[in-house]
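Chemist: Residue numbers (UniProt numbering): 1 to 146.
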């Protein structure tokens, strides 16, 4: 990769890490993608402290990645569950890429979880391509100001 050197204050990666760079944030987004949407379910699944989960959820809502939706089980008080916004759903390729990288370099002894296309059963691959559908290698990437 070559081209423009970007200062941190103008860097989209640095700004994204300001929202998502803390460990629990991406794990929360992952779990909401997978259908874990209620506070107690998230806390139990992640094993995170209540106060930390509350702070991270509030930050993800403030950043526009999640919304809080009220629900009420019969005989209980109103509570909230969390749903991904369009902005949050756009994190899907990032999560899939992190998962593939982790499977490749940090896997334990068990088999990896393989994301597959429900329609045909084929394994999902994320391949960077340009707007003309040419595969792009990092050596062929140039950063330009738009």
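Note that beta-carbon positions come from the ideal geometry of N, C-alpha and C, so glycine has one too.
Rounded to a whole number of angstroms, what is the C-alpha to C-alpha distance between residue 78 and residue 38?
Modeler: Counting from 1 along the chain shown, the entry for residue 78 is found at position 78. Counting from 1 along the chain shown, the entry for residue 38 is found at position 38. Distance between the alpha carbons of residue 78 and residue 38 is about 12 Å.
Chemist: Tell me whether residue 13 is buried or exposed, calling it buried when 16 or more other Cβ atoms sit within 10 Å of its Cβ.
Modeler: Indexing the chain shown from 1 puts residue 13 at position 13. With fewer than 16 other Cβ atoms within 10 Å, it is exposed.
Chemist: Please state whether DSSP places residue 68 in a helix, a strand or coil.
Modeler: Stepping through the chain shown from its first residue, residue 68 is reached at position 68. Correct three-state label for residue 68: strand.
Chemist: Pull up the distance between the alpha-carbon of residue 83 and that of residue 66, whole angstroms please.
Modeler: For this step, residue 83 is matched to residue 83 along the chain shown. For this step, residue 66 is matched to residue 66 along the chain shown. Roughly 5 Å between the two C-alpha positions.
Chemist: Quick check on residue 97: does DSSP put it in helix, strand or coil?
Modeler: Here residue 97 is taken as the residue at index 97 of the chain shown, counted from 1. Residue 97 falls in the helix class under three-state DSSP.
Chemist: Measure the C-alpha to C-alpha separation of residue 114 and residue 127 and round it to an integer number of angstroms.
Modeler: If you number the chain shown from 1, residue 114 lands on position 114. If you number the chain shown from 1, residue 127 lands on position 127. Rounded to the nearest angstrom, the two C-alpha atoms are 16 Å apart.
Chemist: Mind checking whether residue 18 and residue 60 have CB atoms under 9 Å apart?
Modeler: Mapped onto the chain shown, residue 18 falls at position 18. Mapped onto the chain shown, residue 60 falls at position 60. Cβ atoms of residue 18 and residue 60: not closer than 9 Å.
Chemist: Let's see if you can read the secondary structure: which residues bound the alpha helix (DSSP H) around residue 41?
Modeler: Sequence index remark: in the chain shown, residue 41 carries index 41 (1-based). Looking at the DSSP string, the run of the alpha helix (DSSP H) that includes residue 41 is 39-46.
Chemist: State yes or no: is the C-beta of residue 46 within less than 9 Å of the C-beta of residue 57?
Modeler: Indexing the chain shown from 1 puts residue 46 at position 46. Indexing the chain shown from 1 puts residue 57 at position 57. Judged by their CB atoms, residue 46 and residue 57 are not nearer to each other than the 9 Å cut-off.
Chemist: Between 80, 85 and 123, which has its C-alpha nearest residue 100's C-alpha?
Modeler: Working through the chain shown from its first residue, we reach residue 100 at position 100. Nearest option by C-alpha distance: 123.
Chemist: If you drop the 5 nearest sequence neighbours on each side, which residues of the same chain put their C-beta closer than 6 Å to that of residue 81?
Modeler: Your numbering for residue 81 matches position 81 in the chain shown. Excluding positions up to five away in sequence, the list reads 37, 38, 69 and 71.
Chemist: Identify whether residue 77 lies in helix, strand or coil by the three-state DSSP scheme.
Modeler: Here residue 77 is taken as the residue at index 77 of the chain shown, counted from 1. DSSP places residue 77 in coil when its eight states are reduced to three.
Chemist: Measuring straight from C-alpha to C-alpha, what distance separates residue 11 and residue 43?
Modeler: The count along the chain shown starts at 1 and reaches residue 11 at position 11. The count along the chain shown starts at 1 and reaches residue 43 at position 43. Going from the Cα of residue 11 to the Cα of residue 43 covers about 32 Å.
Chemist: Rounded to a whole number of angstroms, what is the C-alpha to C-alpha distance between residue 21 and residue 74?
Modeler: Your numbering for residue 21 matches position 21 in the chain shown. Your numbering for residue 74 matches position 74 in the chain shown. Residue 21 and residue 74: Cα-Cα distance of roughly 38 Å.
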